[in-house]
Amino acid sequence: MRFLFPLYHPLFCFSYSSSSPSFFSISRSLLSPFLSSSSFLMAPPAAMEAPEAAPRNAFTNVASAASHISRVTVVGSGNWGSVAAKLIASNTLKLPSFHDEVRMWVFEETLPTGEKLTDVINRTNENVKYLPGIKLGKNVIADPDLDNAVRDANMLVFVTPHQFMEGICKRLVGKVKEGVEAISLIKGMEVKMEGPCMISTLITEQLGINCSVLMGANIANEIAVEKFSEATVGYRTNREIAEKWVQLFSTPYFMVTPVQDVEGVELCGTLKNVVALAAGFVDGLEMGNNTKAAIMRIGLREMRAFSKLLFSSVKDSTFFESCGVADVITTCLGGRNRKVAEAFAKNGGKRSFDELEAEMLQGQKLQGVSTAREVYEVLSHRGWLELFPLFATVHEICIGRLPPSAIVEYSEHKPNFALVEGSAEYY
Ligand SMILES: NC(=O)c1ccc[n+]([C@@H]2O[C@H](COP(=O)([O-])OP(=O)(O)OC[C@H]3O[C@@H](n4cnc5c(N)ncnc54)[C@H](O)[C@@H]3O)[C@@H](O)[C@H]2O)c1
Numbered sequence: 004m005r006f007l008f009p010l011y012h013p014l015f016c017f018s019y020s021s022s023s024p025s026f027f028s029i030s031r032s033l034l035s036p037f038l039s040s041s042s043f044l045m046a047p048p049a050a051m052e053a054p055e056a057a058p059r060n061a062f063t064n065v066a067s068a069a070s071h072i073s074r075v076t077v078v079g080s081g082n083w084g085s086v087a088a089k090l091i092a093s094n095t096l097k098l099p100s101f102h103d104e105v106r107m108w109v110f111e112e113t114l115p116t117g118e119k120l121t122d123v124i125n126r127t128n129e130n131v132k133y134l135p136g137i138k139l140g141k142n143v144i145a146d147p148d149l150d151n152a153v154r155d156a157n158m159l160v161f162v163t164p165h166q167f168m169e170g171i172c173k174r175l176v177g178k179v180k181e182g183v184e185a186i187s188l189i190k191g192m193e194v195k196m197e198g199p200c201m202i203s204t205l206i207t208e209q210l211g212i213n214c215s216v217l218m219g220a221n222i223a224n225e226i227a228v229e230k231f232s233e234a235t236v237g238y239r240t241n242r243e244i245a246e247k248w249v250q251l252f253s254t255p256y257f258m259v260t261p262v263q264d265v266e267g268v269e270l271c272g273t274l275k276n277v278v279a280l281a282a283g284f285v286d287g288l289e290m291g292n293n294t295k296a297a298i299m300r301i302g303l304r305e306m307r308a309f310s311k312l313l314f315s316s317v318k319d320s321t322f323f324e325s326c327g328v329a330d331v332i333t334t335c336l337g338g339r340n341r342k343v344a345e346a347f348a349k350n351g352g353k354r355s356f357d358e359l360e361a362e363m364l365q366g367q368k369l370q371g372v373s374t375a376r377e378v379y380e381v382l383s384h385r386g387w388l389e390l391f392p393l394f395a396t397v398h399e400i401c402i403g404r405l406p407p408s409a410i411v412e413y414s415e416h417k418p419n420f421a422l423v424e425g426s427a428e429y430y
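4 is the number of the first residue of the sequence shown in the working numbering; add one for each residue after it.
The structure is reproduced here in structure tokens:
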């Protein structure tokens, strides 16, 4: 894979396919048995298409080129936000359809040295608090002023902990350019009186803009040091927009695949954090690998059933993309939700998640505990609690109503999944 991969990467295919179509088709057929819906199978990116008719004069050429150059702003600068800025910044330098500079909005903090985080990022080119030791790229400009950061952008990348998004959206109403495209890398949802609201929907409703999503088996620190991984872009209808996002994020070590299923991709990214808490409890109780694998399988099944009950458009195939099974695996093996849940179980549930989060994560935020509560609210509101014993149990353990060992006590309330999946067809 290590040697094969760069040959099939969309950025690489660009340069080869235009000059040697036979190479492209041979390599494509060689690799196809190994890939389900890899990004190289998609329609060629705009840069590969035949050039349009020559412009009438130099002025229109410059003017039209400038109007097609996209400016990107990353809203958020935590661990994943900083890695996203690094990925994007490496591509905007190479791709002519993007402006080199990547603006990154920073929730301003004063560091123990007395300096502002933004000043340190701009001086050292490193986010010393959330991603120490990694250069972001000189074209990443940290900006503590949210309005200023988004003003000129026509592509917005949202990547903050989900609990801050409602406030951020309120501040951005009327401040973003018309026709701006957004993508959310945020895992989590808001639960309102009317029901659950995905973060991409919140962005679309509050700002009146289209919003895609990018999720996947993406532990930020591993991508920061350029270890190979994959991600999934979920888009609504416009394939060209999806391909633009794929171009912006793809690197030889980060392979991005578009799928037309925003809700499915986003729910995968959101719900897997609840499964990761369950896996962490299992680790804390030292129950071993079989138990953990069982929990992951049951969790994935509940993720699919829950997603399909909420949105009948959700596709089964999405759960086989990076955002589905791969993200469940990586989060249950290595993520922060698993780690803190393990500590919670080791302490017999006597130290709260808030306390452990503050002690273990140095300002980073846990998403799983709030997502478990939000999912529980949806389940109880809709009368589905008994259909989702793993999701329900995780929340009840988090709030201390059940002991961590309850994570494997399912025998008495075995759910009728046939019912769940069957009704998903008609819901
Ligand atoms: N870290 C990962 O490995 C990873 C991977 C994939 C997806 N994600 C998702 O990305 C999103 C962002 O996570 P992250 O890892 O970049 O962040 P993080 O948890 O590392 O950092 C928290 C961020 O929140 C900011 N913040 C604190 N208080 C705030 C406030 N009141 N308003 C706005 N911002 C505030 C902090 O400045 C910091 O930038 C989350 O939804 C997470 O689930 C994270």
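Idealized CB from N, CA, C, for every residue including glycine. Given the structure is predicted, the values throughout are model-derived calculations rather than measurements.
Problem set entry | Alpha-carbon to alpha-carbon, F257 and A234 | As a position in the sequence shown, residue 234 is number 231, starting the count at 1. As a position in the sequence shown, residue 257 is number 254, starting the count at 1. So the two alpha carbons sit approximately 7 Å from each other.
For this session: Spatial neighbours of K431 within its chain, please: CB distance less than 8 Å, with the 5 preceding and 5 following residues excluded, ordered by chain position.
Result: Nothing in the structure corresponds to residue 431, since the chain is present only between 4 and 430.
For this session: With distances taken Cα to Cα, identify the nearest neighbour of T434 among A361, I301, M158, Y238.
Result: Residue 434 is absent from the structure shown; the chain starts at 4 and stops at 430.
For this session: Could you round the C-beta distance between P407 and F347 to whole angstroms and report it? I think they count as a contact, below 8 Å.
Result: Mapped onto the sequence shown, residue 407 falls at position 404. Mapped onto the sequence shown, residue 347 falls at position 344. That belief holds up - the Cβ atoms of P407 and F347 are roughly 7 Å apart, short of 8 Å.
For this session: Go through its chain and collect everything with a Cβ distance to I202's Cβ below 6 Å, but skip five positions before and after it.
Result: Sequence index remark: in the sequence shown, residue 202 carries index 199 (1-based). Once the five neighbours on either side are set aside, the close Cβ partners of I202 are H165, M168, S187, I189.
Problem set entry | Same chain, Cβ closer than 7 Å to E412, neighbours up to 5 away in sequence not counted | As a first step, residue 412 is located in the sequence shown; it is residue number 409 there, counting from the start. Excluding positions up to five away in sequence, the list is empty.
Problem set entry | Identity of the residues DSSP links to A185 by a beta bridge | Taking the first residue of the sequence shown as position 1, residue 185 is located at position 182. Paired residues: L159, C214.
For this session: Drop a sphere of 10 angstroms on the beta-carbon of I410, count the other beta-carbons inside from all chains shown, and report buried for 16 or more, exposed for fewer.
Result: Within the sequence shown, residue 410 is the residue found at index 407, counting from 1. When all chains shown are included, I410 counts as buried.
For this session: Please confirm whether N340 and A395 have their CB atoms less than 8 Å apart.
Result: Counting from one through the sequence shown, the residue named residue 340 turns up at place 337. Counting from one through the sequence shown, the residue named residue 395 turns up at place 392. Not closer than 8 Å, so no.
Exercise. What residue from E380, N213, S310, K247 has the CA that sits closest to E193's CA?
Worked result: Taking the first residue of the sequence shown as position 1, residue 193 is located at position 190. Closest by alpha carbon: E380.
Exercise. Which ranges would you report for the alpha helix (DSSP H) in the region 61-125 if only whole runs of at least 4 residues count?
Worked result: 61-70, 82-95
For this session: State the Cα-Cα distance for the pair A281 and K311, rounded to the nearest angstrom.
Result: Stepping through the sequence shown from its first residue, residue 281 is reached at position 278. Stepping through the sequence shown from its first residue, residue 311 is reached at position 308. When rounded, the distance between both Cα atoms is 21 Å.
Exercise. Can you list, in chain order, the residues of its chain whose CB lies under 6 Å from that of A223, leaving out five sequence neighbours each side?
Worked result: Within the sequence shown, numbered from 1, the residue matching residue 223 stands at position 220. Closer than 6 Å at the Cβ level, and outside the excluded window around A223, lie N82, W83, V86.
Exercise. Using CA coordinates, which residue listed in L175, E184, S383 is at the minimum distance from R74?
Worked result: The residue given as residue 74 occupies position 71 in the sequence shown. The shortest C-alpha separation from R74 is found at E184.
Exercise. Relative to the C-alpha of N292, which residue among L313, Q250, S315, C335 is closest?
Worked result: The residue labelled residue 292 in the question sits at position 289 within the sequence shown. Comparing Cα-Cα distances from N292 to each of L313, Q250, S315, C335, the minimum goes to C335.
Exercise. Where do the ends of the beta strand (DSSP E) carrying E233 lie?
Worked result: Along the sequence shown, one-based indexing puts residue 233 at 230. Where E233 is concerned, the enclosing beta strand (DSSP E) stretches over 232-237.
Exercise. Taking 7 Å as the cut-off, does the CB of P164 come closer than this to any heavy atom belonging to ligand 1?
Worked result: In the sequence shown, the residue the question calls residue 164 occupies position 161. Checking every heavy atom of ligand 1 against the Cβ of P164, one is found closer than 7 Å.
Exercise. What are the start and end residues of the alpha helix (DSSP H) that includes G272?
Worked result: As a working mapping, residue 272 is identified with position 269 in the sequence shown. First-last of the alpha helix (DSSP H) with G272: 265-287.
Exercise. When the Cα of N151 is compared with those of G191, N130, S100, G177, which residue comes out closest?
Worked result: Within the sequence shown, the letter at position 148 stands for residue 151. Closest by alpha carbon: G177.
Problem set entry | Spatial distance of I212 from F252 (CA atoms) | Your numbering for residue 212 matches position 209 in the sequence shown. Your numbering for residue 252 matches position 249 in the sequence shown. Using only the alpha carbons, I get a separation of about 20 Å.
For this session: Would you check if the distance between the CB atom of A317 and the CB atom of G267 is smaller than 8 Å?
Result: Start at 1 with the first residue of the sequence shown, and residue 317 comes out as number 314. Start at 1 with the first residue of the sequence shown, and residue 267 comes out as number 264. Note that residue 317 is Val in the sequence shown here, rather than Ala. Yes, the pair counts as a contact, with Cβ atoms nearer than the cut-off.
Exercise. If you draw a straight line from the alpha carbon of E129 to that of A145, how long is it in whole angstroms?
Worked result: Taking the first residue of the sequence shown as 1, we reach residue 129 at position 126. Taking the first residue of the sequence shown as 1, we reach residue 145 at position 142. Those two C-alpha atoms are separated by around 10 Å.
Exercise. Between K141 and T95, what straight-line distance do the alpha-carbon atoms span, to the nearest angstrom?
Worked result: Translated into positions along the sequence shown, residue 141 becomes position 138. Translated into positions along the sequence shown, residue 95 becomes position 92. Rounded to whole angstroms, K141 to T95 spans 12 Å at the Cα level.
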